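Data block below; observations after.
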Amino acid sequence: MTEHHQHHIKLPEGSIEKQTTTLNVGPTHPATHGVFQNIMELDGEQIVSTEQTVGYIHRAFEKLAERRPLYQITTLTDRLNYCSSPLNNMGWHLTCEKLLGVQTPKRVDYLRIIIMELSRISDHLICNSIMGVDTGAYTGFMYIMQYRELIYEIYEEICGSRLTTNIGRIGGFERNFTNTAFTKLEKFLKEYPAALRELENLFTRNRIFMERTIGTGPISAERALNYGFTGPNLRAAGVDYDVRVHSPYSSYEDFDFKVPVGKTGDSYDRFLVRNEEMWQSLSILNQAYKKVQEFKGAEAEVFHADVPEYYLPKKEDVYTKMESLIWHFKIVMGEVDMPKGEVYHSIEAGNGELGFYLVSDGGRTPFRLHFRRPSFIYYQAYPELVIGGMLSDAIVVMSSLNLIAGELDA
Amino acid sequence: MALTQEHIQQRLTEKFGDLVSNFETPYGMLSFEAPKDQNLKVLQFLYDEADLNFQFMTDLTAVNYPDKPGRELAVVYHLHNLRDNVRIRFTVYSDINSPDVFTASKLFSAANWMERETYDFFGVNFVGHENLKRILNVDEMDYFPLRKEYPLEERTRIDKDDQMFGRG
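As given, the protein sequences belong to chains P and H, one line each in that order. Those letters in the first sequence? Residues 578 to 987, per our numbering, in order. Those letters in the second sequence? Residues 153 to 320, per our numbering, in order.
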């Protein structure tokens, strides 16, 4: 029998200085899912400090907007949170309508709600499935993408584009929803619940996923409010603030839905809140589709408000009628002066309160336009969420916040 | 009792007298202004008073009015009382030659980056801000691009005639 020796390396006290490592996460890094940088100071795997750098895709939208008539700004809003462009478009049109005093018919409101809730689902399903990717479960992401495809096909049917949609007009939509659009919506409403249930089953009670997300990146309700959190990230911390309920727009008051809240504000709660919101969006979609079907006869053909000064005329009329051509030109070039005033309007976008602060001096373009971008405001809390935690957790926290570079930088 | 705009206005005038002025409600939102050295006192008062309770900062930005001498820069705060669900807009004006405004970042953590953004684009110097540096633009930039004196188009280009776009 040999005697077992344990070997230790014995070094004199103070011979190794404690060192920290600087690590650049980003600007282009698979974990950031967008162009922004974190300069992290690491002690082993633990984060000592971190500083965020943003602005890599800053495109000066607010300056550009000062020289563009209203319709030319819609395309800028596409590029804010590009995972849910229609929400931004609708927010912008609603702001314009508030400024111009345009009343939209109920059917338009309901059609808009269909589009807005579809894009909320497409936004949340990206965020949640990407959280799966970052915790090592790629399958859910690959699987659920085909359902986002169904949503994008509906956009395509309505406005012709998929990602940067430029959907809708001031007062309504560019054309009525076709039967194909409704068939596609029906298909989505029929097939998506089962898929969402499966996605849920992959994650919610998955031991690995729970260990990776529970307790990482928590924030209290007080801190979240002080940091200006809105949307799912605020609700995960336990505050039931939802713009759709607090300042209803586009007839959200006609709908019956719950505002899910979390408790601890950690990554797991953010996941659960987004997941539940998708179920609520499905419920709203079903209600809205039902309400849309109730319109009969001439009412079922209404897809825009009667505001010829701001609503682009029909394309075939533009080619054949002088009057329509003139109006088309006037609207596109912004020949119609806006009323003077200051208006703030906000909607519940995928990441929270997306606000538009528009100052008009009565000219053809806004005198000043400011976007309140939820990502930009809550990303500043990131150090507070991750310091003291592990590097690998910080990556999951980042994806659970759903940071979109386009929205950070504007 | 729901919080009314009249009540907010009354409480503010009781406390600050003539310092708060220009009460208006454009598009339904109560707006008012105060001298810029009073901004923190007003924000703190709105934050602390139990019946006002404006503890959520929705937005902070600036507007440049080149036509208002001595009041070229407006710093605009949007505050929200989430309990009673009331929003207000509070503006302070500053001379563009001495754009010093006290920072609200001690009261609202949210104001930290929003003030950096406002500094970046308008050059508003938020006094007392811990880390007032550019955020979206490059550090080497030596001008504040959202001020009206900086035209959108490059001035050397002659092919873009403003007159043709009705923007002379």
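Where a beta carbon is used, it is the ideal one built from N, C-alpha and C, also for glycine. No experiment lies behind these values; they were computed from the predicted model shown.
| Check | Outcome |
| --- | --- |
| When you compare only the Cα positions, how much space is there between P:H585 and P:G966? | 29 Å |
| Measure the Cβ-Cβ separation of P:M693 and P:L664 and say whether it is below 8 Å. | yes |
| Comparing the C-beta of H:M293 with each C-beta of chain P, is any distance below 8 Å? | no |
| Is the CB of H:F296 under 8 Å away from at least one CB in chain P? | no |
| At a CB distance below 8 Å, what residues from the region 235 to 251 of chain H approach chain P? Give them in sequence order. | N237, R239 and R241 |
| Rounded to a whole number of angstroms, what is the C-alpha to C-alpha distance between P:P589 and P:S626? | 29 Å |
| Return no unless some Cβ of chain H is closer than 8 Å to the Cβ of P:Q649. | no |
| Please tell me whether H:F260 has its Cβ less than 8 Å away from any Cβ of chain P. | yes |
| Identify every run of the alpha helix (DSSP H) within the region 878 to 965 of chain P, keeping only runs that are complete inside it and at least 4 residues long; order them along the chain. | 892 to 897, 899 to 909, 951 to 956 and 959 to 963 |
| Taking 8 Å as the cut-off, decide whether the C-beta atoms of P:I728 and P:S699 are in contact. | yes |
| Ends of the beta strand (DSSP E) at H:N216? | F208 to N216 |
| Determine the direct distance from the alpha carbon of P:R684 to that of H:N216, and round the result to whole angstroms. | 40 Å |
| On a Cα-Cα basis, can you pick out the residue from P:R782, P:G745 and P:V631 that is closest to P:L849? | P:R782 |
| What ranges does the alpha helix (DSSP H) occupy inside the region 794 to 847 of chain P, keeping only unbroken runs of at least 4 residues that lie completely in it? | 798 to 803, 808 to 813 and 820 to 823 |
| Tell me the rounded alpha-carbon separation between H:G320 and P:R644. | The predicted position of H:G320 is uncertain, since its pLDDT is 49 and thus under 50; no value can be drawn from it. |
| State the DSSP-derived secondary structure class of H:N289, mapped to helix, strand or coil. | coil |
| With DSSP as the reference, label P:D620 as helix, strand or coil. | strand |
| To the nearest angstrom, how far is it from the Cα of P:E878 to the Cα of P:F759? | 14 Å |
| Return the CA-CA distance between P:K675 and H:K285, expressed in angstroms with no decimal places. | 35 Å |
| Does any CB atom of chain H fall closer than 8 Å to the CB of P:E925? | no |
| Using a beta-carbon distance below 8 Å, is H:Q207 in contact with chain P? | yes |
| Reducing DSSP to helix, strand and coil, say where P:V631 ends up. | coil |
| At least one CB of chain H closer than 8 Å to the CB of P:E992: is that the case? | The structure shown does not extend to residue 992 of chain P, since chain P spans only 578 to 987, so no value can be given for it. |
| Whole angstroms is fine: what's the gap from P:N778's alpha carbon to P:G717's? | 10 Å |
| Using a Cβ-Cβ cut-off of 8 Å, state whether P:H905 counts as contacting chain H. | no |
| What residues from chain H crowd round P:I731, counting only those whose CB sits closer than 9 Å? | Going along chain H, no residue has its Cβ under 9 Å from P:I731, so there is no contact; the nearest lies around 32 Å. |
| For H:H230, which beta-bridge partners are listed by DSSP? | H:D211 and H:R241 |
| Step through the CB atoms of chain P and report whether any lies within less than 8 Å of the CB of H:L288. | yes |
| Does DSSP classify H:F184 as helix, strand or coil? | strand |
| Can you look up H:S246 in the DSSP assignment and give me helix, strand or coil? | strand |
| Could you have a look at P:F750 and say whether DSSP puts it in helix, strand or coil? | coil |
| Residues of chain H with CB closer than 8 Å to the CB of P:Q957, please, in chain order. | S261, A262, N264 and W265 |
| Is the beta carbon of H:I248 sitting closer than 8 Å to the one on H:L225? | yes |
| Residues of chain P with CB under 8 Å from H:L304, in chain order? | K640, L641, E643 and R644 |
| Just mark P:K767 as buried or exposed, buried being the case when its beta carbon has 16 or more other beta carbons within 10 Å. | exposed |
| Please list the partners that H:T118 has in chain P, where partner means a Cβ-to-Cβ separation under 7 Å. | The requested residue 118 of chain H does not occur in the structure, where chain H is confined to residues 153 to 320. |
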